[in-house]
Amino acid sequence: MIIPLTPVRFFEYAEKIFKDKEGVVCEGERFTYGDFCRRARKISNALARMGVQKGDRIAYLGYNCHRLLELFYAPPILGAILEPLNIRLVAKDFDYIINESTPRVLFLDKDFIPVIDSIRDRISSVEHFFTLEKSPGLPGWIQGNYEELLQGASAERMYPLGEYPFDEDDPAEIFYTSGTTGNPKGVMMTHRNLYLHALCAMSMMTVRETDIQIHLIPLFHVNGWGTPHYLLAKGGKHIMVKRFDPARTLEIMEKERVSRAFVIPTMANALMAVPKFHSFDLSSMKEILIGGAPPPRGMSERVEQAFGCIAHTGFGMTETCPLIVLPELSEKLDPEEYRRRRHDTWGRPLPGVEFRLVDANGKDLPWDGKSVGELLVRGDMVMKGYFRQPEETARTLEGGWYHTGDLCALEPDGQLIVKDRKKDIIISGGENISSLEIEQVLYGHPAVLECAVIGKNDEKWGEVPLAFVVLREGHATTPEELIRYTRDNMAHFKAPREVRILKEFPKGGTGKILKSVLREKYRNT
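Each number in my numbering comes from the position in the sequence shown (counting from 1) with 825 added on.
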């Protein structure tokens, strides 16, 4: 008998093996894995009672909390599909996404009732609206709340152990990309994708039952595709944080004795910038993974020094589940080679992941550490495709390889060097200039907290680099000084011709800087 590869099997394992172990903590509420699994089964049975079937989408619009974690399993148990929505989007985005994905049920935090109310007459696919908690003064179209569904539902297993109403290649989750280039696209991850990614990630990162992980990045982000599954499979503890507040986060990390965290670079900077950072006892920390955006050069070392634990990057994307690269952190490496890899490379492909490097004509390039081309990926973690977008799926997965849009080099042993996104390359006077290279130099200036570089239209050169920076609190500098600094630290033709100092950057739902907004506003000014 062949049993499908599915994260539901991790759920069933935790339900039996870790039932008496505390597994989830959220805003003062604490749940054993037994509690957690009973709640998830009740919601699954409540959905089935509403008529939810295999392939139906169940949408969630809200913050990180234990209920979202339960929904990572409740719909997939039925063969239905979880669809977490990006809370930073606006009404027109929700209108587009909901009309394309046509979920039958929408769970939403009360904070998002106004935005959904504004488009409710246009999202006819949604048959059931539920808030997460009981609240006074709700509009009439809200049919109840999550906790009420629990109270009236059974926690009994619907199918015999090992029998599932789906195939491993059926979608279990759909996550919509942020839509920084065109409309958002619904990335479909199968049960098999999620299962194999979790197995690989937990092995490569040596996840243990004793681990306590804090969820800081919203779980509608690619972070949500792997972390809940591999941590549950090992019986680790989830610490759910609804909103990222740096000082409050450090308090929680100290109180809960957190051992693992996944952050984007802006979060790492914000945590280390808390005035009383060194007063917090963070001795329980073992590992911090930095991803979601290219970190400044040397950030891993600064995070290690600040938190007293291992810190490293990980490389992946929404379409790859997400992780496909982790660094080789072997202590057997020569010290100089170890430092070089920390600075210049992201690591090697995970087992089950294949790479190609191709030029603009699709010709394979050598893995010599110097040849730069587009990275193509194939393997167990690559998505099934984009929901209801067959042409975009065919283009992106041409020839069975996922075309990442990242310009990279590969060393002979597979070490990945990320140069830039194809769309972020600046072509000035016929020369290719990497925006990422300029950003890495700017991050070396002591006054720079955040930066981003785009191409600005120029009559003579076609494009020239335009840099934007946000300064660290208590620091001062000038655009002229920053231009001099870059010219002193890189080839002059690559240095920005102009630097603009901003109070803050436009950011997406995960805190990632939106270069598309900067281009729209500034590239012709």
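Idealized CB from N, CA, C, for every residue including glycine.
| Query | Result |
| --- | --- |
| So Val1083 and Ile1039 are supposed to be a Cβ contact under 8 angstroms. How far apart are they, rounded? | 5 angstroms |
| Please report how far the alpha carbon of Phe1045 lies from the alpha carbon of Glu998, in whole angstroms. | 10 angstroms |
| Helix, strand or coil for Thr1311, going by three-state DSSP, please let me know. | helix |
| Grouping DSSP H, G and I as helix and E and B as strand, with all else coil, what is Thr1005? | Note on Thr1005: pLDDT 49, under 50, position unreliable in the model; no value is reported. |
| Please confirm if the stretch 1246-1263 is in contact with the stretch 1286-1295, defined as three or more CB-CB distances below 8 angstroms between the two stretches. | yes |
| Please classify Phe836 as buried or exposed, where buried requires at least 16 other C-beta atoms within 10 Å of its C-beta. | buried |
| My guess is that Ala1277 and Glu1264 are in contact by the Cβ rule of under 8 angstroms, so how many angstroms apart are they, rounded? | 7 angstroms |
| Tell me where the alpha helix (DSSP H) around Ile941 begins and ends. | Ile938 to Asp942 |
| Do Gly1280 and Ile1251 have their CB atoms nearer than 7 angstroms? | yes |
| Using the three-state DSSP reduction, which class does Leu933 fall into: helix, strand or coil? | strand |
| Quick one, are the C-beta atoms of Ala865 and Tyr898 less than 7 angstroms apart? | yes |
| Using three-state DSSP, classify Ala1353 as helix, strand or coil. | Since the first residue shown for the chain is 826 and the last is 1350, residue 1353 is missing from the structure and cannot be characterised. |
| Grab the span of the alpha helix (DSSP H) containing Thr1221 for me, first residue to last. | Pro1215 to Thr1221 |
| So the candidates are Arg1348, Leu907, Gln878 and Thr1303; which of them puts its Cα closest to the Cα of Leu886? | Leu907 |
| Could you tell me if Leu986 is buried or exposed, where buried requires 16 or more neighbouring beta carbons within 10 angstroms of its beta carbon? | exposed |
| By DSSP, does Val1273 sit in helix, in strand, or in coil? | strand |
| If you draw a straight line from the alpha carbon of Pro1152 to that of Thr1031, how long is it in whole angstroms? | 13 angstroms |
| Counting Cβ pairs, one atom from each stretch, are 3 or more of them under 8 angstroms apart for the stretch 1131-1141 and the stretch 1100-1117? | yes |
| According to DSSP, simplified to helix, strand and coil, what is Ala997? | strand |
| Please list, in chain order, all residues of the same chain as Tyr921 whose beta carbon is under 8 angstroms from its beta carbon, the five residues on each side excluded. | Asn1008 and Pro1009 |
| Using the rule of at least 16 other Cβ atoms within 10 Å of the residue's Cβ for burial, across every protein chain shown, is Ile902 buried or exposed? | buried |
| Reducing DSSP to helix, strand and coil, say where His1046 ends up. | coil |
| Name, in chain order, the residues that DSSP records as bridge partners for Gln976. | Paired residues: none, contrary to the question. |
| Take the Cβ of Ile1064 as the centre, count every other Cβ of all protein chains shown within 10 Å, and call the residue buried at 16 or more, exposed below. | buried |
| Name the two residues that bound the continuous beta strand (DSSP E) containing Ile828. | That residue, Ile828, is in no beta strand (DSSP E); it is neither H nor E in DSSP. |
| From Glu981 to Ser926, what does the alpha carbon distance come to, in whole angstroms? | 30 angstroms |
| Can you give the Cα-Cα distance for Thr1005 and Ile1115, rounded to whole angstroms? | With a pLDDT of only 49 at Thr1005, under 50, the local geometry of the prediction cannot be trusted, and the value read off the model is given with reservation. When rounded, the distance between both Cα atoms is 21 angstroms. |
| Would you tell me roughly how many angstroms separate the C-alpha atoms of Glu854 and Arg892, rounded to the nearest one? | 11 angstroms |
| Going by other Cβ atoms of all chains shown within 10 Å of its Cβ, with 16 needed for buried, is Pro928 buried or exposed? | buried |
| Could you tell me which residues DSSP pairs with Arg1082 in its beta bridges? | BP columns for Arg1082 are empty, so no partner. |
| I'd like to check one pair, Trp1171 with Arg1203: are the Cβ atoms closer than 7 angstroms? | no |
| Report yes if the CB atom of Leu1261 is closer than 7 angstroms to the CB atom of Pro1090, and no otherwise. | no |
| Which first and last residues belong to the alpha helix (DSSP H) in which Lys1340 is found? | Lys1340 to Tyr1347 |
| Whose C-beta lies closer than 7 angstroms to the C-beta of Ser1196 among residues of the same chain, with five residues either side of it excluded? | Leu1182, Leu1190 and Ala1234 |
| For Lys1059, which residues of its own chain have a beta-carbon under 8 angstroms away from its beta-carbon, when the five flanking residues on both sides are left out? | Met1027, Val1032, Arg1033, Glu1034 and Asp1036 |
| By DSSP, does Glu1112 sit in helix, in strand, or in coil? | strand |
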